[in-house]
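In terms of the numbering used here, the sequence shown is numbered consecutively and its last residue is 476. Beta carbons: idealized from backbone N, C-alpha and C, even for Gly. Let me begin by presenting the structure, written as structure tokens, before commenting on it.
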Amino acid sequence: MRGWFLLGLVTVVVLAVAGVWNPWPGVWDWVDRSEPISEPDVVWQQRVGGTPKSVTIAGDSVIVEQRTRVEARSLATGVQLWDRKADWAAVAGGERDPVVAVGKLLVKGYELLDPATGATRRRDDDAVAVWTYRNLLLDAHCVEATDCTLSAWDPRGTAPLWTAFLPGVSTGLFADNPELLGTRRLTANRIDAGAAGPEPVPPLLGFPVDGRVHVVDTATGRVLQNVEPGRDERLAVIGGRMLRIRAVGQDGACAFTLTAHDPATGKQVWRRTGVNLRTADSAGCVQREDPQGARNVLIGVAPDGREAVIDGYDGRLLQVNGEGQKLIAVDDRHALLRTADKRSIVARELGADRTRWTRATGAKSGATLTPYAAVLTQEKPNRLIALDPRTGKELVVLRTSANALAVGPAGMVIGEGREIGYVRFGAGGAAPVPGDAGVPGPDGGGAPDGGDAPDDEDRCGPKRELC
10 MRGWFLLGLV
20 TVVVLAVAGV
30 WNPWPGVWDW
40 VDRSEPISEP
50 DVVWQQRVGG
60 TPKSVTIAGD
70 SVIVEQRTRV
80 EARSLATGVQ
90 LWDRKADWAA
100 VAGGERDPVV
110 AVGKLLVKGY
120 ELLDPATGAT
130 RRRDDDAVAV
140 WTYRNLLLDA
150 HCVEATDCTL
160 SAWDPRGTAP
170 LWTAFLPGVS
180 TGLFADNPEL
190 LGTRRLTANR
200 IDAGAAGPEP
210 VPPLLGFPVD
220 GRVHVVDTAT
230 GRVLQNVEPG
240 RDERLAVIGG
250 RMLRIRAVGQ
260 DGACAFTLTA
270 HDPATGKQVW
280 RRTGVNLRTA
290 DSAGCVQRED
300 PQGARNVLIG
310 VAPDGREAVI
320 DGYDGRLLQV
330 NGEGQKLIAV
340 DDRHALLRTA
350 DKRSIVAREL
360 GADRTRWTRA
370 TGAKSGATLT
380 PYAAVLTQEK
390 PNRLIALDPR
400 TGKELVVLRT
410 SANALAVGPA
420 GMVIGEGREI
430 GYVRFGAGGA
440 APVPGDAGVP
450 GPDGGGAPDG
460 GDAPDDEDRC
470 GPKRELC
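Written out as structure tokens, the structure reads:
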């Protein structure tokens, strides 16, 4: 028997070496077969080359950024479409016109690739930094340390829409999406901070340059302000306003004063005192962080300890929490709060004093808001849940310990380690179409079941930033 076994083994090896028949890849695939990462099962599941740094849905493709490579996979099947060597990657554009910017660290320039084919649409050899948005791409070129030009491009454009002069860039502004002076997003365990994909470009951007802040109008490229913060101040550009946040020590605590200015005229347009924006630590009230918030809104804590959502444009209180409630996610339309007993999550419509929906959850649940879904996490048992942000209608409920990596109009990508998979909203039935009832489209529209048709504000946002 031993002789026959050795003869069979030698025969298989000879056939494999000769290329006639090689069973080893199939045997290895069987041994290395992956377990499903969720129940119900995903539409497809694939093992990528390395642990993803970021995952973004770009039209009909899924862009997976890894440590030294970037690859694209079909949203429908998960089959790899292309891969490239790159140290960073970022997606710009919407569902109809996405592009992928890729580059190498400490090397000037970048390439814009087609997500479906990997073909180069445009190449730049001199840019030191790139910012990607849903409707715009910005890059910065520096001839010298004090001579830089900021250019704005349509995501698939071939000529800049405008250029602006900046007298330099901070040493931290390099590669993709270096931090500007805006808001910090609330984060949640098991939900990637960039799961929503690229956002619309804000009306104004604040560029930190050598201790000063240059405020740029993204519609025209005009540099509206060149401001140096005071010794006790931190500047932020939110909702079309330049905010001055002043924090000084007083009676063993930090006393905050918040003023908002029109960058075009420099005039003060609103002011609030006593609201802690969580920009300072307890050591001398030094402000090292941007305020928390999203898009046009920021989060503060009132003197009585209750959290509030403030409109960055006009200073209105859009939401004030009840006693013991805690904000866990916010955008400029809705806020998700954990109730005082930590047993439920409540969705509130900002500025309307109206509760949209309530859902029972565990004490350690987390959440985030995207244009297409409110994503919730639960532990013991582990769950990922996607809900319509306006109605609370279930889009999908997964029994999984995987993370939510990217959310799109009709589904989301989840992942655990090197395994990623795609699940459609409405799993177990026909996939909902973006814009249909209960499933918001790319602009946040789509009338919910039993609701009214979306008005102009629903489609365009409170400041028409999506139109």
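Residues in its own chain within less than 6 Å of residue i by CB, not counting five upstream and five downstream?
i: residue 138; result: 149, 182, 183, 187
i: residue 162; result: 146, 169
i: residue 268; result: 253, 277, 280
i: residue 351; result: 372
i: residue 335; result: 347
i: residue 236; result: 222
i: residue 479; result: Outside the modelled stretch of the chain, which goes from 10 to 476, sits residue 479, for which no answer is possible.
Using the three-state DSSP reduction, which class does residue i fall into: helix, strand or coil?
i: residue 434; result: coil
i: residue 95; result: coil
i: residue 114; result: coil
i: residue 12; result: helix
i: residue 88; result: coil
i: residue 65; result: strand
i: residue 39; result: With a pLDDT of only 42 at residue 39, under the threshold of 50, the placement of this residue in the model should not be trusted, and no figure is reported.
i: residue 195; result: coil
i: residue 416; result: strand
i: residue 375; result: strand
i: residue 258; result: strand
i: residue 19; result: helix
i: residue 204; result: coil
i: residue 264; result: strand
i: residue 361; result: coil
i: residue 245; result: strand
i: residue 25; result: helix
i: residue 145; result: coil
i: residue 104; result: coil
i: residue 428; result: strand
i: residue 387; result: strand
i: residue 234; result: strand
i: residue 129; result: strand
From the DSSP secondary-structure annotation, give me the bridge partner or partners of residue i.
i: residue 217; result: 222
i: residue 306; result: 303, 320
i: residue 48; result: 408
i: residue 174; result: 158
i: residue 282; result: 266
i: residue 335; result: 347
i: residue 185; result: 139
Give me the Cβ distance between residue i and residue j, rounded to the nearest whole Å; I'm assuming they're in contact under 8 Å.
i: residue 106; j: residue 165; result: 5 Å
i: residue 78; j: residue 94; result: 6 Å
i: residue 96; j: residue 118; result: Not quite, the Cβ-Cβ distance comes to about 12 Å (not below 8 Å), so this is no contact.
i: residue 428; j: residue 66; result: Contact doesn't hold; Cβ gap of about 17 Å is too wide.
i: residue 338; j: residue 329; result: Not a contact, Cβ separation roughly 17 Å.
i: residue 420; j: residue 432; result: 6 Å
i: residue 225; j: residue 213; result: 7 Å
i: residue 209; j: residue 143; result: 5 Å
Using a beta-carbon distance below 8 Å, is residue i in contact with chain C?
i: residue 350; result: Considering every chain present, this structure includes no chain C. It has just one protein chain.
Apart from the five residues on each side of it in sequence, which residues of its chain come closer than 8 Å, Cβ to Cβ, to residue i?
i: residue 388; result: 371, 373, 374
i: residue 386; result: 197, 198, 199, 200, 374, 375, 376, 392, 393, 394, 413
i: residue 172; result: 158, 159, 160, 161, 230
i: residue 38; result: With a pLDDT of only 43 at residue 38, under the threshold of 50, the placement of this residue in the model should not be trusted; the figure read from the coordinates follows. Within the same chain, residue 38 has no close Cβ partners at all.
Keeping to the same chain, check which residues put their C-beta closer than 7 Å to that of residue i; ignore five residues upstream and five downstream.
i: residue 177; result: 154, 155, 157, 218, 219
i: residue 136; result: 117, 118, 119, 148, 149, 150
i: residue 323; result: 279
Looking only at C-alpha atoms, which of the options sits nearest to residue i?
i: residue 294; options: 71, 259, 415, 14; result: 259
i: residue 401; options: 303, 110, 343, 247; result: 343
i: residue 281; options: 424, 252, 44, 302; result: 252
i: residue 367; options: 238, 115, 397, 263; result: 397
i: residue 222; options: 212, 239, 208; result: 239
i: residue 408; options: 50, 287, 297; result: 50
i: residue 255; options: 263, 361, 378; result: 263
i: residue 193; options: 300, 310, 322; result: 300
i: residue 390; options: 378, 382, 383, 406; result: 406
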